[in-house]
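Visitor:
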Amino acid sequence: MKCADFQSVLRGSVGLFCLTGAAARAEETPAFQEQKTEKKEKEKHSFCDPEDGAFDVSSFLDRPLGFIPMVLPITEPAVGGGAAVAPIFIDLPEDGEGRPDIWAIGGMRTSNGTQALLGGYSGYWMDQRLHTRLGAIDASINLDFHGLGQDAGLSGQPLTYNLDIAGGLIGATWAMDKKRRWEIGLQYMYAQVDMTFPDLASRIRVDADPRGTKYGLNRGQLRDFDGFHSEIGSVGLSMSYDSRNNIFTPTKGLFSELTVTFNSEAFGGSSEYERYEWTTLWFTPLFTEDLILGMKASLLSSSGDIPIYMRPFVQLRGAPAMRYQGAHVAYAETELRYQFTPRWSVLGFGGIGSTWSDGPFLSRNDTTWTGGVGIRYLLARKYGLHMGIDAAYGEEGPACYIQFGSAWFRP
Numbered sequence: 001m002k003c004a005d006f007q008s009v010l011r012g013s014v015g016l017f018c019l020t021g022a023a024a025r026a027e028e029t030p031a032f033q034e035q036k037t038e039k040k041e042k043e044k045h046s047f048c049d050p051e052d053g054a055f056d057v058s059s060f061l062d063r064p065l066g067f068i069p070m071v072l073p074i075t076e077p078a079v080g081g082g083a084a085v086a087p088i089f090i091d092l093p094e095d096g097e098g099r100p101d102i103w104a105i106g107g108m109r110t111s112n113g114t115q116a117l118l119g120g121y122s123g124y125w126m127d128q129r130l131h132t133r134l135g136a137i138d139a140s141i142n143l144d145f146h147g148l149g150q151d152a153g154l155s156g157q158p159l160t161y162n163l164d165i166a167g168g169l170i171g172a173t174w175a176m177d178k179k180r181r182w183e184i185g186l187q188y189m190y191a192q193v194d195m196t197f198p199d200l201a202s203r204i205r206v207d208a209d210p211r212g213t214k215y216g217l218n219r220g221q222l223r224d225f226d227g228f229h230s231e232i233g234s235v236g237l238s239m240s241y242d243s244r245n246n247i248f249t250p251t252k253g254l255f256s257e258l259t260v261t262f263n264s265e266a267f268g269g270s271s272e273y274e275r276y277e278w279t280t281l282w283f284t285p286l287f288t289e290d291l292i293l294g295m296k297a298s299l300l301s302s303s304g305d306i307p308i309y310m311r312p313f314v315q316l317r318g319a320p321a322m323r324y325q326g327a328h329v330a331y332a333e334t335e336l337r338y339q340f341t342p343r344w345s346v347l348g349f350g351g352i353g354s355t356w357s358d359g360p361f362l363s364r365n366d367t368t369w370t371g372g373v374g375i376r377y378l379l380a381r382k383y384g385l386h387m388g389i390d391a392a393y394g395e396e397g398p399a400c401y402i403q404f405g406s407a408w409f410r411p
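Quick note: the sequence shown, position 7, residue 7 per the numbering used here, numbers continuous.
1. Whole angstroms is fine: what's the gap from T249's alpha carbon to Y383's?
2. At 3 residues or longer, what runs of the beta strand (DSSP E) sit wholly inside the segment 112-138?
3. How should R337 be labelled, buried or exposed, when 16 other C-beta atoms within 10 angstroms of its C-beta is the threshold for buried?
4. Pick out the complete beta strand (DSSP E) segments inside the segment 232-285, 3 residues or longer, and give them in chain order.
5. Quick check: the Cα distance between W184 and E97, rounded to an integer number of angstroms?
6. When we look at the beta-carbon of W125 and count the other beta-carbons within 10 Å, is it buried (16 or more) or exposed?
7. Return the bridge partner residues of W182 from the DSSP annotation.
8. Since L316 is in the alpha helix (DSSP H), which residue starts that stretch and which ends it?
9. Quick one: residues in its chain with C-beta nearer than 8 angstroms to the C-beta of E231, no 5 flanking neighbours on either side, listed in chain order?
10. Please classify L378: is it buried, with 16 or more other beta-carbons within 10 angstroms of its beta-carbon, or exposed?
11. How do the segment 65-75 and the segment 298-315 stand: do at least 3 beta-carbon pairs fall below 8 angstroms, yes or no?
12. Provide the residue(s) that pair with V346 in DSSP beta bridges, ordered along the chain.
13. On a CA-only basis, which of E265, E335 and S298 is nearest P285? Give me that one, please.
14. Using 8 angstroms as the threshold, is the segment 167-178 in touch with the segment 130-144, meaning 3 or more CB pairs across them?
15. Tell me the DSSP secondary structure of R109 in three-state form.
16. Quick check on Y324: does DSSP put it in helix, strand or coil?
17. Considering only the alpha carbon of each residue, which of A407, Y393, T355 and L163 lies closest to M387?
18. Going straight from the alpha carbon of P411 to that of G107, what length do you get?
19. Considering just the uninterrupted stretch of the alpha helix (DSSP H) at D62, what are its terminal residues?
20. Does I306 come out as helix, strand or coil in the three-state DSSP assignment?
21. How many Å lie between S243 and G405 at the Cα?
22. Return the first residue and the last residue of the beta strand (DSSP E) that H386 is part of.
23. Answer with buried or exposed for L186, where buried requires no fewer than 16 other C-beta atoms within 10 angstroms of its C-beta.
24. Let's test the definition: count the other Cβ atoms within 10 Å of the Cβ of M322 and tell me whether it reaches 16, buried, or not, exposed.
25. Alpha carbons only, please: which of N162, F409, P77 and I105 is nearest the one belonging to L281?
26. May I ask you to list the residues that DSSP assigns as paired with P87?
27. Note down the Cα distance separating V71 from V85, rounded to an integer number of angstroms.
28. So is P398 buried or exposed if we call it buried at 16+ other beta carbons inside 10 Å?
29. Looking at C-alpha atoms only, which residue of F255, P87, L300 and M295 is the closest neighbour of L117?
30. If we call anything under 9 angstroms between Cβ atoms a contact, is V235 one with Y276?
31. List the DSSP bridge partners of W369.
32. I'd like the list of long-range same chain contacts for G253, defined as Cβ closer than 7 angstroms, with 5 residues on each side in sequence excluded.
33. Rounded to whole angstroms, what's the CA-CA distance from H328 to G120? Just pull it up for me.
34. First and last residue of the beta strand (DSSP E) that includes F404?
35. Taking the C-alpha atoms as reference points, what is the distance between S256 and R180?
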């Protein structure tokens with residue numbers, strides 16, 4: 001059955017189910033009373049919102065083991081087209097107040113050979129003052145390295161590499177006040193990474209002496225070099241402030257987080273380096289409750305013997321992942337969303353990012369601009385969860401993104 005046919009059947013089924021509530025009344029015998037009770041239970045868990053009759057998955061998520069069966073196309077330019085499958089379980093507190101627990105497990109595969117299995121959990125304890133996070137990944141990722149900044153040697157001819165990574169993380173934050181505005185956190189991450197360069201030997205330019213290169217290696221050595229193994233063993237410390245009114249699709253509030261991460265042999269890593277990140281999100285209604293302005297700004301820095309796959313990079317819609325890397329990165333994005341019906345909204349966005357680095361070879365600065373438009377549908381009214389698609393454009397060309405909640409989702 002085609003997707004369009006399935007959607008038509010689903011809409012017809014949902015509409016028929018909603019209309020049963022207007023059926024003629026029968027004599028209320030005990031058997032009929034039992035049928036009414038069963039009917040109410042079915043309506044309670046239907047895909048028809050009782051307030052507006054629109055398609056909504058809130059009641060399904062309320063069921064034990066209720067989940068959103070996400071089957072999403074992948075359109076990230078860095079890894080090519082593909083698909084991801086991930087059931088997402090969302091569980092609100094019994095009183096309906098506070099942040100939900102979220103579980104997800106799934107897999108993905110793309111046209112450039114990238115594939116991954118992933119799992120994650122975000123949960124709240126002790127009157128929601130303790131927030132715990134778990135994550136795991138087993139992946140083979142194919143990417144292109146464009147240098148740090150505007151590197152003339154790699155301009156237009158990026159170096160292809162593969163990351164074979166397996167690892168996980170565990171973390172927790174503690175709310176210092178009952179409103180959960182201020183939090184301090186601790187996180188540990190461990191992973192084993194094999195990094196290979198399929199076309200490295202053919203890419204190195206040879207000097208006048210055909211036996212050597214400007215890097216002091218000869219072709220024989222390069223043919224024998226197929227990559228290296230490294231380990232991530234890092235401890236992260238964080239402090240954050242969060243006043244958002246919803247974690248999925250906020251309409252007002254501020255989120256700001258400062259994180260410092262230390263990778264060290266003492267923690268199981270294979271090198272010594274540090275990463276620093278400060279990210280701020282801000283949302284506010286503009287003139288009317290239906291027009292929402294959102295802003296994001298991030299500053300990232302790194303130092304020490306950090307591998308290229310851990311270097312900071314510009315994260316903007318329209319900029320391929322890990323395309324614009326540097327020792328130091330700054331980027332900002334703004335978004336204006338208009339809720340033109342209770343269920344549907346449209347938005348426009350734009351961003352700018354810059355990188356700069358220090359080093360004898362790859363010391364360059366770079367700046368990129370992006371922009372685009374999108375559309376959203378209120379998929380789960382009770383949860384404030386919108387879902388939709390963004391069409392973006394940047395210096396590398398057009399890109400498309402499926403969005404689950406905000407494009408800047410932070411649980």
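The C-beta atom is built at its ideal place from N, Cα and C for all residues, glycine as well.
Guide: Looking at the atomic coordinates:
1. Taking the first residue of the sequence shown as 1, we reach residue 249 at position 249. Taking the first residue of the sequence shown as 1, we reach residue 383 at position 383. Looking at the two C-alpha atoms, the distance is approximately 9 angstroms.
2. Whole beta strand (DSSP E) segments, 3+ residues: 115-125.
3. Sequence index remark: in the sequence shown, residue 337 carries index 337 (1-based). Under the 10 Å beta carbon count, R337 is surrounded by 16 or more other beta carbons and is classified as buried.
4. 253-263
5. Counting from 1 along the sequence shown, the entry for residue 184 is found at position 184. Counting from 1 along the sequence shown, the entry for residue 97 is found at position 97. One point to set straight first is that residue 184 is Ile, not Trp, in the sequence displayed. Inter-residue distance for I184 and E97 is about 22 angstroms (C-alpha atoms, whole angstroms).
6. As a position in the sequence shown, residue 125 is number 125, starting the count at 1. Classification of W125: exposed, given that the 10 Å Cβ count is below 16.
7. Indexing the sequence shown from 1 puts residue 182 at position 182. Answer is Y241.
8. Stepping through the sequence shown from its first residue, residue 316 is reached at position 316. For L316, no alpha helix (DSSP H) run applies, since DSSP gives it neither H nor E.
9. Walking along the sequence shown from the start, residue 231 turns up at place 231. Here the set comprises Y190, A191, Q192, V193, G268, G269 and S270.
10. By 1-based counting over the sequence shown, the position of residue 378 is 378. Burial state of L378 is buried, judged by a 10 Å Cβ sphere holding 16 or more other Cβ atoms.
11. no
12. Position 346 of the sequence shown, counted from the first residue, corresponds to residue 346. BP columns for V346 point to Y338 and I375.
13. In the sequence shown, residue 285 corresponds to position 285, counting from 1. For the residues E265, E335 and S298, the minimum Cα distance to P285 belongs to E335.
14. Judged by Cβ distances under 8 angstroms, the segment 167-178 makes contact with the segment 130-144, as three or more pairs qualify.
15. In the sequence shown, counting from the first residue as 1, residue 109 sits at position 109. In this structure, R109 counts as strand in the three-state DSSP scheme.
16. Residue numbering aside, residue 324 sits at position 324 when the sequence shown is read from its first letter. Coil at Y324, not helix or strand.
17. As a first step, residue 387 is located in the sequence shown; it is residue number 387 there, counting from the start. Of the listed residues, the one whose Cα sits closest to M387 is A407.
18. As a first step, residue 411 must be located in the sequence shown, where it is residue number 411. As a first step, residue 107 must be located in the sequence shown, where it is residue number 107. Answer to the nearest angstrom: the Cα atoms are 20 angstroms apart.
19. Indexing the sequence shown from 1 puts residue 62 at position 62. Per DSSP, D62 belongs to the alpha helix (DSSP H) from S58 to D62.
20. Indexing the sequence shown from 1 puts residue 306 at position 306. In the structure shown, I306 sits in coil (DSSP, three-state: anything other than H, G, I, E or B).
21. Stepping through the sequence shown from its first residue, residue 243 is reached at position 243. Stepping through the sequence shown from its first residue, residue 405 is reached at position 405. For S243 and G405, the distance between alpha carbons rounds to 17 angstroms.
22. The count along the sequence shown starts at 1 and reaches residue 386 at position 386. Element bounds for H386: L385 to G394.
23. Looking up residue 186 in the sequence shown gives position 186. L186 should be labelled exposed.
24. Taking the first residue of the sequence shown as position 1, residue 322 is located at position 322. Buried, by the Cβ-count rule.
25. Here residue 281 refers to the residue found at position 281 when the sequence shown is read from its first residue. Selected option, being the one with the closest Cα: F409.
26. Here residue 87 refers to the residue found at position 87 of the sequence shown. DSSP output for P87 lists P69 as bridge partner(s).
27. Along the sequence shown, read from residue 1 onward, the residue named residue 71 stands at position 71. Along the sequence shown, read from residue 1 onward, the residue named residue 85 stands at position 85. For V71 and V85, the distance between alpha carbons rounds to 5 angstroms.
28. Taking the first residue of the sequence shown as position 1, residue 398 is located at position 398. When all chains shown are included, P398 counts as exposed.
29. The residue given as residue 117 occupies position 117 in the sequence shown. Cα-wise, what sits closest to L117 is P87.
30. The sequence position of residue 235 within the sequence shown is 235, counting from 1. The sequence position of residue 276 within the sequence shown is 276, counting from 1. No, the Cβ-Cβ distance between V235 and Y276 is not below 9 angstroms.
31. The residue given as residue 369 occupies position 369 in the sequence shown. Note: W369 sits in a beta bridge opposite I352.
32. For this step, residue 253 is matched to residue 253 along the sequence shown. Closer than 7 angstroms at Cβ, skipping near neighbours: S243, R244, N245 and F283.
33. The residue you call residue 328 lines up with position 328 of the sequence shown. The residue you call residue 120 lines up with position 120 of the sequence shown. H328 and G120: Cα-Cα distance of roughly 28 angstroms.
34. Mapped onto the sequence shown, residue 404 falls at position 404. G397 to F404 is the span of the beta strand (DSSP E), which, as asked, contains F404.
35. Indexing the sequence shown from 1 puts residue 256 at position 256. Indexing the sequence shown from 1 puts residue 180 at position 180. S256 and R180: Cα-Cα distance of roughly 13 angstroms.
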